[in-house]
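Residue numbers (full-length UniProt numbering): 1 to 178.
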């Protein structure tokens with residue numbers, strides 16, 4: 001895995017992800033062309049980088065680790081490990097307070113020192129992921145604990161394209177790269 005350099009972003013030819021927290025939208029790009037779009041759910045507490053805030057960080061990140069390849073759909077993860085469970089309504093009823101991390105995990109690492117990398121603003125140490133969520137959870141509205149929630153089908157598609165090292169740009173409104 002090669003760590004992307006800020007001066008090279010966004011990539012001219014390779015896959016990269018754009019996550020717009022204002023529109024609650026993820027776009028998967030190959031260079032200048034959008035390959036896929038889907039709704040997401042970012043942090044209910046809003047946007048921000050500080051540890052313990054429950055907010056979704058902004059800025060350039062990259063996928064540090066892809067976890068769960070080969071696991072069943074609805075596999076339940078805790079501490080980035082499969083619990084051996086598969087999400088079901090009965091399991092949800094048994095654990096009503098659980099923040100469900102399902103199917104796959106794409107673990108983000110910040111690229112911008114002092115913004116989303118290092119100290120109290122380190123996205124990787126905050127365990128900021130793209131992950132699956134139960135089907136009854138809303139998309140298109142902020143509702144997570146800071147991570148990016150996706151429908152399992154959307155996550156599986158993104159997981160197949162966005163390998164470790166893939167750049168991810170989280171922002172709050174379209175901006176130009178000029």
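For glycine and all other residues, C-beta sits at the position ideal for the given N, C-alpha and C.
In whole angstroms, what separates the C-alpha of residue i from that of residue j?
i: residue 170; j: residue 64; result: 15 Å
i: residue 99; j: residue 74; result: 13 Å
i: residue 19; j: residue 147; result: 11 Å
i: residue 51; j: residue 122; result: 7 Å
i: residue 114; j: residue 57; result: 12 Å
i: residue 61; j: residue 145; result: 18 Å
i: residue 85; j: residue 129; result: 20 Å
i: residue 21; j: residue 44; result: 11 Å
i: residue 37; j: residue 91; result: 30 Å
i: residue 81; j: residue 71; result: 11 Å
i: residue 180; j: residue 9; result: No information on residue 180 is available, as it lies outside the stretch 1 to 178 that the chain covers here.
i: residue 55; j: residue 26; result: 17 Å
Once the 5 residues before and after residue i are set aside, which same chain residues still bring their CB inside 8 Å of it?
i: residue 93; result: none
i: residue 24; result: 39, 40, 41, 42, 139, 140, 141 and 142
i: residue 77; result: 67, 68, 83, 101, 102, 105 and 131
Given that a residue counts as buried once 16 or more other Cβ atoms are within 10 Å of its Cβ, and exposed if not, what is residue i?
i: residue 154; result: buried
i: residue 96; result: exposed
i: residue 133; result: buried
i: residue 126; result: buried
i: residue 136; result: exposed
i: residue 34; result: exposed
Are the CB atoms of residue i and residue j nearer to each other than 8 Å?
i: residue 179; j: residue 124; result: What is shown of the chain runs 1 to 178, which leaves residue 179 out entirely.
Cutting at 6 Å between CB atoms, please list the residues of its own chain near residue i, excluding the five before and the five after it.
i: residue 116; result: 49, 57, 59, 110 and 123
i: residue 1; result: 164 and 165
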